[in-house]
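Colleague:
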Amino acid sequence: MLFKNKLWGITMAQQFAKKLYNSARWKRCRAAYIAKVYGICERCGEPGYIVHHKVVLNSRNIDDYWVTLNHSNLELLCVECHNKEHMSEGAATVEGTMFDSSGQLVRCE
Ligand SMILES: [Zn+2]
Ligand SMILES: [Zn+2]
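Take 23 as the starting number for the sequence shown in the numbering used here and just add one per residue.
1) Enumerate in chain order the residues of its own chain whose CB-to-CB distance from residue 52 is below 7 Å, with the five nearest sequence positions on each side excluded.
2) Taking all protein chains shown into account, do 16 or more other C-beta atoms lie within 10 angstroms of the C-beta of residue 103, making it buried, or fewer, making it exposed?
3) For residue 88 versus residue 95, is the C-beta spacing smaller than 9 Å?
4) Determine whether the beta carbon atoms of residue 160 and residue 55 lie at a separation below 9 Å.
5) Go to residue 97, then tell me how far its beta strand (DSSP E) extends in each direction, as first and last residue.
6) Is residue 68 close to ligand 1? I mean its beta-carbon at under 8 Å from any heavy atom of the ligand.
7) What number of angstroms, rounded off, separates the C-alpha of residue 91 from the C-alpha of residue 77?
8) How is residue 56 classed by DSSP in three states: helix, strand or coil?
Laid out in structure tokens, this is it:
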């Protein structure tokens, strides 16, 4: 399936989460969660791509697996619903970051 990347800014504070997103543990957890919810956005029913953390990650809980790898703290969202979720936080965003097709945060070239 072709997936068009859309720009999505992240807060400076979310940069630290890269370590988590690059870890094998997270990739396994993420894949298992997506399978569990059938790859469907839990808000609108469209195909979901991004596993969102309900308790937003920060530098204090990033090493806490109860937060980062706990299925009950995860929600599968499509790009649009994920954007809405984070826009509603009114977070300051950083230009130059985006999600790739697997939902990982990457820098735009
Ligand atoms: Zn959605
Ligand atoms: Zn999120």
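Glycine included, every Cβ here is placed at the ideal spot set by N, Cα and C.
All figures in this text were calculated on a predicted structure; none of them were measured in a lab.
Modeller: Quick look at the numbers:
1) As a working mapping, residue 52 is identified with position 30 in the sequence shown. Once the five neighbours on either side are set aside, the close Cβ partners of residue 52 are 73.
2) Counting from 1 along the sequence shown, the entry for residue 103 is found at position 81. Residue 103 comes out buried.
3) Stepping through the sequence shown from its first residue, residue 88 is reached at position 66. Stepping through the sequence shown from its first residue, residue 95 is reached at position 73. The answer is yes: Cβ separation under 9 Å.
4) Here the chain has residues from 23 to 131 only, and residue 160 is not among them.
5) Mapped onto the sequence shown, residue 97 falls at position 75. Here the beta strand (DSSP E) through residue 97 covers 96-99.
6) Reading the sequence shown from its first residue, position 46 is the one you call residue 68. It does: the Cβ of residue 68 is within 8 Å (strictly closer) of some heavy atom of ligand 1.
7) Indexing the sequence shown from 1 puts residue 91 at position 69. Indexing the sequence shown from 1 puts residue 77 at position 55. For residue 91 and residue 77, the distance between alpha carbons rounds to 11 Å.
8) Counting from one through the sequence shown, the residue named residue 56 turns up at place 34. Helix at residue 56.
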